[in-house]
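Let me begin by presenting the structure, written as C-alpha cells, before commenting on it.
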C-alpha cells in the first residue's frame, strides 16, 4: 500500500519534472515555485511517519475524491491502520459515504471499517443501514449474505428490530448460504440484546429443521450460545443431525458432536452398568418387555442400547479419520462419555495419531490422554512407546508424556518404563529430570514389586552431581520410606551421610524429618545430625529450621539424655528467629515437651502427638480430578471451570420418553402403548383417529406402533423397515442386511411370538381392536406368516404389479416380503373404520400406512376377499399417513434379450427410499437369462456421465438359462430426468443401457398437515408456482380415482384435506429434498385447476404435463 | 468462539490485530508476555492460558505467535486447529508465513481473516473457496488490475461454498492434465546407546498435485493396503469405499493438497536405514571431552541415503569443538550450543566419520549426560514401509491424464541416545 502510494508520488514528481523541463524550454520563470512543490512532495515521500496526522487528512481527501482507485487506495491504508490497531475513527464520515460503492473490493473494505467503528459512532453508522436493507433484497445470494453479516455485526442497539426482521427473513431464504449467515447473526443479536431471546429461539427452532448441511453447524452453534438448555428443540432433529453429521463442514461437526454428547447424556440410560449386554439384536425384545413391565422390572433388566444412542455412535465413528484434529478429539470424547466401555478403545489409535501433529495439538491431546489413562490403562498400554520422550520435545510435552507413562505402568511393563526413566533422569532439562524422579516414586508406591528396586535406584541418584536431582530424590525417598518404614535404616544412614553435601532446602528438610520420624532406628546418628544443625541453624532456610525444631523435639522425647541441652539451645535460637512461624512453632514445642507448671495435661500426650504413626502420603496423578470436566473442553485443559462451561449431566436412571425423537414416520412400539393407554383409552375410535389428524407427530406413532410390534418378533426387522420408511434418514446398509439375515428366524419364531403378542395385546384390546390387518390371518390362522405372505405375493404378481415373486434369491424374498407388507398396510386402514368384528387380530405386521388410491392394484387377492363388502367411501377421511405404499406399476425395458445376446433386463422403481444413500432413487432390475447357456459375472461397467453416482449391485457370478434374478440399485439422478447411462456387462459382453426416470419417480412422499401444506405453499409462490387448468376424464372425478392417478404418476404422499373438492399431495425431491406440492382443485364437471409449487421449476412443468396426461386418461 | 486474534513476532511486538466481536484491548496480551517471559524458550509457552476475564490460546509457528482471545468455553483444539489453518492459508497465499510477508500483504490478510471467521465461528476455511473470494496476489494479476481497474475480490458466492464438494470449484481447465502423487514416509525412531531400536514407527503422507480439467473422479489403489494401520483423509475421500474396498476414491481438490496421512504400526518391523557408532565423553580431569561419530548404511533396500545430517544439542558447558570430518562439513553454534554435521550422500565404501575434541568451560563440573543425536536423511524412490500404489483410475472425464507417483523416505524424529 505504502509502496503503491509512493509510486504514485514518484509518478507525480516525475510528471512535475517533465513540466519543469518544458517550462525551462519555454523560458518561463516558474522554476522556483515548482521546485518548492517538488520539495514538498519528496519530503512527504521520505518521511511518511512524521506526517501521520496529516496523512489522515489526505486519506480523507482521497476518500472524498471521485476516483475509484484513489478511494480504494485510501481504504487499503485505513484497513492497514486498523490492522495495526491504530485509531482512524475520525475518518468515519468520509468512509461511510462509500458504503454504496459499486466496486466490490472497496465496499468490502468499507464493511470492515464499519464493523470496527460503528459501535463508537452510532449515529453516523445509521446512515449506512438503508444500504444494507436494500442489499438484503439483492438477487445475488452472496450480496444478501454479506449485507446481513455486516448489518448484524454493527453493534448499534437502535437497529435491533431491523436486525430481528432481517434475521427472520434470511432464515427463510432459499439460499442455504444466507440461512447459514442468519444463524450466525442470531448469536450476534443475542449478545447485543439478550432480551430478544424468545424470538431468537423461534428462529433457531426453525433453522434446526433445516436439512442443509451448510446450516447445521452454524445453527447448533447458535443454539449452544443462546439456549443450550432447550434440549427439547433437539429431539425432533436428533436423527437428522446424526445422519447429516458426516457431510457437515468440519467446524460444524465439532460443535454438533459436543452438543449431541450433552444431549445423549440426558436422554439415554447408562451403557456402563454391570453385566450389561451389548447385543443390539435384542433391541426390540427389550423394548417390548420394557414397555410392558417397566415398573416391575426397573432393576435387573439387561441393558440394551437405545437405537438412537447406537445411531450416534455409529455415525460419528468415521469422523475419527478426519484430518481435523478438533473433530477427532470431539469424537474421542463422545466415545469416552457415551460408548459402552469396551467400545471406547477404537478411539485410541486416532488419538495416538494426533501426537504427530503440531506441538499445541499434542499438548491438548496428551492432557486428555492423561486423564483417560488414569481410568483406563488398557486403552493406551499397547501404544506406550508412542509416549516415549524425545530430547527435542517442549518441556510441557515431556511432562505430560511422563505423566501418561506413569499412569500406564503396571507389573508387566514396569521394567521397560523404569529403563526408559533412567534415560530421562540424565536429561539436560533438569526440571524434567526432577519430574521423572517423582514419577519413579509414584511407580514405586503403585507397584509394590518394584519398590525396592526404585528405592535403590533413587539412593544411587543421591550421589548425582546435580542438586535438583538429588533434592528431588530425597523428597521422593522420604515419601517412599514413609510407606515402608521397615528395615530401611541403611538408607536413612546413607542420607545422613549425604546431608552435608545437600543444599536444597526441601531436601534438607526432608532428611531432618526422616531422622526425627525414625530416630529410634538410627539412635546414634540422629543426635549427631541435630548437633550439626544447631551449629548452622541461623543460616538455614525457614523450612529447614522448622524441621530442625521438629527433630529436636522428637529427640528430646526419645533420647533426652543426649539431646536435652541441644534442644534447649535450638529452642532458644528459634525463639528469637525473625520468622514468626518459627517463633510460634518454637513456643508451641517448648510448651509441649518441656514439662512445667503451666503446660498441664497436654504435656503427657506430647509423645503421642509428635510420634504418632503417620499415614503415608499418597502419590497420585495431577490429573486425578480432571475427569470432573468433559474431555476436550477448555475447562479440562485448564482444570478450572471456564465461563459458559456446560456440565455433562449424569445418565438418567430411567430413559426419558424416546418417542420425542420420532419425526413424522416411525415410532418404536414401546411408547405407543403407554402413550395411548394413558391418554386415549376412553376415546372413541373415531376420536382416536381424528386426534391423529391434529397431532402430526402421532401419525408416526400409529404407523410405527404396528410396524414395530411386527418387528418385535425379529429384532432387526425394524431397523430394516425403519430405513425403508424414514425417508429423511440415511438408511444403514448393515442394519438392513442383518435384518435380512434375521428374517429367517422370524419365520420360525413367528408363531410363538404371535401368541405372546396376542396375550399382551388383549390387554390393549380396546385400543388395538380397531387395527387389523390381513397379516393377522397370516400368523393367527395359518400359524405361518411366510406362507401366507408368499401366497399373497404370488397372488399379487398375478395382478401384474409385482414382478419379482418368482425370484428365489434371499434378498429378493425379503424385498418382496417387505413390499408385501407395505402393500398390505393399505389394508388395515381401510378396514379400520368399518370392520370391528375382525378385532383382536394382530395387525402389527403391517405399518398402517394408509393410502386411498391404488388398492386394487396393490392389495393382494387374499386381502381383497377380506375386504369385500367394505365401504370405501369414507376411506379418505382416515388417511393421514403418507408413507409410500404404492407399489411399482410400470416396468420398463432396460435390455432386450435380442440385443443382450440372451440377457434381458427390466427395471422398475420400487418407490422405497434407497438403502444405500438417501439421495439415490431405488431401482430394481430384473435380469433374466433367455439364452441357452449360463451367463457369468453380470455386473455394471462404465457409466456416463462418469460423475454419475450409482450404487451398483454385487456382481452376479452365474445366471442359469431361464433363471432370473432381481437386484436393486441406487441411482442419484440429482433431481434431473437426464438418463443414467451405464454398461451392463457379462463376462463376454458389454451392453450400453440407460435408465430414464419419469419425473414422478424422483420424488419421495412427504407427510404434512393441511396447515403445513398451506404454509409451505405460501413460501413457494410466484416463480415457484406452476399451474394449469385441466380437463379430467369423467372416470377420474372421484377422489379415489384422482388419488390413484396422481400416485401412479408421482411418488407423493396424500395430504388430508378438509375440502372435498381440493386434493393435496406433498413430496420431496430425492436428491436435494426440495419440497414439491401438488394441489388439485376440482371445478364444475371435469375441469380442475392443477397447481404445483416447488423450487424446481423444470420438474414442476414436467410433472404438470405428466399429471395432466394421466388425469385426462380414463 | 474466537473473539480476537493478535499476531505477535518473536520480539513481542503486536503487528496485527483483528476482532470479530467487540474490540478487546491489547493489554490482554500482557498476560501472555508474562508467560512468554517465564517459559524462556518460545516453544515452551503453554498453549492455553487463563487471565481474569479471558482465555488465551496461542500457537507458535514460523517465529510468530498467533494469539487468540476466548471468552467462553470452547474446545481448545478447535481454536488451535483453526489458528494453524490461518497460518496454512497465509502460507498458501504468499509462499511463506512470516512477519514480513504478512506486513506486506496486510490488507489481503485482513480480508482473509474477515472471510474465515464470522462472529468467531469459522465460515470459509477451504483454500479453494477462499481463493475464489480473494484471489492470491500475482504479479500478472496486479498489472492487469491496475490496467483494467478490476479487483482481487470476487463478487459472487464461490461455487464450492454451496456444492457438496466444497473443495473443488467448477469449470477448471488445463491444457496439460496431470496428477502427481508423492508418497512420503518419515521414520520416527529412538535408538539407544548400543544401537538397538527402542521405538520405531513410520508416518506416511500422500501429497497430491492434481491439475485436471472438469470434475474427475479418481480412484487410487494400493498393492498392499493392509500395511496401513491408521489413516486420516482429506474430506474428499469417500470413507465408505475405503472401509469396504481399501481404495481411495475421491473427487480431488484443484492443485496441491494432502490426500491422506497414515501410520504404519510399530508392530511391523521398521527398517532402520542407517546405524550410528558414536562415543562422546567428557573427562573428569581438564576442561575437555572427546567425540567420535561414524555413520554407516543398514537397511537401505539398495538405495542411496542422501541429505544425511546429524544435529547434536551439546550440554551448556561445551565451549567449542575442534573436530575433523572425513566427509561433509560441521558447524558449532556457540550461542545455541548446537553442533550440525552436514554429510550429504552416504558412501558405503567410505563411511563418514567425525572425530575430535570438545572444550568445556573450565571450573564447571563435567557434563554428566551425553547429548542425543538427531539424524536427518532422505532416500529417494523408496517407501520404507513397502507401500506401493498399484493404479490410478480416472472416471468422469474423457481425456487421458498424465499420472505419476513418487516415493520418498525421510527421517522424521529420528533420535540416537548416547
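Chains as they are written, first to last, in the UniProt record's numbering: chain H, 1 to 1114; chain L, 1 to 418. All C-beta atoms in this analysis are idealised placements derived from N, C-alpha and C, irrespective of residue type, glycine included. Predicted model only: the values in this text are computed from it and were never measured.
So which residues of chain H does residue i contact, with C-beta pairs closer than 7 Å?
i	result
residue 372/L	391
residue 26/L	85
Whole angstroms is fine: what's the gap from residue i's alpha carbon to residue j's?
i	j	result
residue 180/H	residue 404/H	42 Å
residue 74/H	residue 124/H	20 Å
residue 412/H	residue 197/L	20 Å
residue 430/H	residue 457/H	18 Å
residue 669/H	residue 661/H	Interpretation of residue 669/H is limited by its pLDDT of 39, a score under 50 that renders its predicted location unreliable; no figure is taken from the coordinates.
residue 317/H	residue 336/H	12 Å
residue 2/L	residue 250/L	32 Å
residue 31/L	residue 21/L	21 Å
residue 227/L	residue 397/H	29 Å
residue 1015/H	residue 230/H	25 Å
residue 360/H	residue 264/L	23 Å
residue 398/L	residue 972/H	21 Å
residue 1018/H	residue 111/H	34 Å
residue 194/L	residue 437/H	24 Å
residue 647/H	residue 370/H	20 Å
residue 390/L	residue 221/L	6 Å
residue 340/H	residue 655/H	16 Å
residue 617/H	residue 627/H	22 Å
residue 297/H	residue 304/H	Low local confidence applies: a pLDDT of 41 at residue 297/H is under 50, so the model's placement there is unreliable, with the coordinate-based value given in what follows. Using only the alpha carbons, I get a separation of about 14 Å.
If residue i and residue j are in contact, beta carbons under 8 Å, what's the gap, nearest whole angstrom?
i	j	result
residue 405/L	residue 183/L	7 Å
residue 240/L	residue 273/L	In fact, because the Cβ distance is near 37 Å, the residues do not count as touching under 8 Å.
residue 379/H	residue 416/H	Not quite, the Cβ-Cβ distance comes to about 18 Å (not below 8 Å), so this is no contact.
residue 42/L	residue 57/L	Not confirmed; about 15 Å, so no contact.
residue 190/L	residue 411/L	That belief does not hold up - the Cβ atoms of residue 190/L and residue 411/L are roughly 12 Å apart, past 8 Å.
residue 214/H	residue 154/H	Not quite, the Cβ-Cβ distance comes to about 24 Å (not below 8 Å), so this is no contact.
Counting only Cβ pairs nearer than 8 Å, list the residues of chain L close to residue i.
i	result
residue 121/H	Going along chain L, no residue has its Cβ under 8 Å from residue 121/H, so there is no contact; the nearest lies around 13 Å.
Using a cut-off of 9 Å between C-beta atoms, extract the partners of residue i located in chain H.
i	result
residue 72/L	225, 634, 642, 643, 644 and 645
residue 16/L	83, 84 and 85
residue 47/L	359, 360, 361, 363, 364, 396 and 637
residue 8/L	Within chain H, no residue comes near residue 8/L; the closest Cβ sits about 12 Å away, beyond 9 Å.
Give the secondary structure of residue i by DSSP, where H, G and I count as helix, E and B as strand, and everything else as coil.
i	result
residue 967/H	strand
residue 364/L	coil
residue 633/H	coil
residue 386/L	coil
residue 435/H	helix
residue 194/L	coil
Please list the partners that residue i has in chain L, where partner means a Cβ-to-Cβ separation under 9 Å.
i	result
residue 334/H	Here the premise fails: no neighbours, minimum Cβ distance about 12 Å.
residue 163/H	Those within 9 Å of residue 163/H in chain L number zero; the least Cβ separation is about 13 Å.
Could you pull the DSSP bridge partners for residue i from this structure?
i	result
residue 972/H	949/H
residue 1064/H	1055/H and 1079/H
residue 979/H	None; residue 979/H has no bridge partner.
Which residues in chain L sit within 7 Å of residue i, going by Cβ to Cβ distance?
i	result
residue 80/H	106 and 107
Would residue i pass as an interface residue toward chain B - the criterion being a Cβ-Cβ separation below 9 Å?
i	result
residue 174/L	In summary, chain B is missing from the structure at hand, where the protein chains are H and L.
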